[in-house]
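Engineer: My questions all concern the structure below.
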Amino acid sequence: MSDQEMNRIITVLHECMEACNQCCSACLLEKDAAMLKECIRLDRECAGMCSYFEQALSRRTPFSSELAHLCIQMCEVCGEECNKHEHEHCQKCAELCFKCAEECAKIAA
């Protein structure tokens with residue numbers, strides 16, 4: 013994998029982490045926050061995974077394929093949950109989660 017490809021994936025991981033953190037914070041401020049508890053939980057899990065994977069890739073981890081598989085799974089589950097909610101922050105998070113899963117698939121192969 014070229015440095016350019018690696019940098020693109022690292023950038024997407026960072027964007028996904030930020031979107032998940034923003035979604036989590038925004039969900040907590042919604043009137044129906046209790047209904048969003050699974051979304052909030054998955055946002056935190058996905059943000060943590062993307063952050064860790066971003067750091068691991070920048071260190072050239074030998075576990076990139078294994079971490080990519082886990083990141084794909086977490087991003088897809090988070091994206092599916094966020095897609096259930098009409099809030100703009102949830103929809104943006106879902107979009108970036110799915111994009112991140114697609115990019116991670118390039119490493120998981």
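Using the numbering used here, read the sequence shown as starting at 13 and increasing by one per residue.
Every residue, glycine too, gets a C-beta built ideally from N, C-alpha and C.
Computed from a predicted model, the values in this text were never measured in an experiment.
1. How is residue 27 classed by DSSP in three states: helix, strand or coil?
2. What would DSSP say about residue 14, mapped onto helix, strand or coil?
3. Between residue 100 and residue 77, what straight-line distance do the alpha-carbon atoms span, to the nearest angstrom?
4. Out of 96, 68 and 94, state which residue places its alpha-carbon closest to the alpha-carbon of residue 83.
5. How would you write the range of the alpha helix (DSSP H) that residue 100 sits in, first residue to last?
6. Can you name, in chain order, every residue of its own chain whose Cβ lies under 7 Å from the Cβ of residue 93, other than the five neighbours on each side?
7. Identify whether residue 42 lies in helix, strand or coil by the three-state DSSP scheme.
Structural biologist: Taking the geometry as given:
1. helix
2. Three-state DSSP puts residue 14 in coil, outside helix and strand.
3. 32 Å
4. 68
5. That run of the alpha helix (DSSP H) goes 100-120.
6. 50, 51 and 54
7. coil
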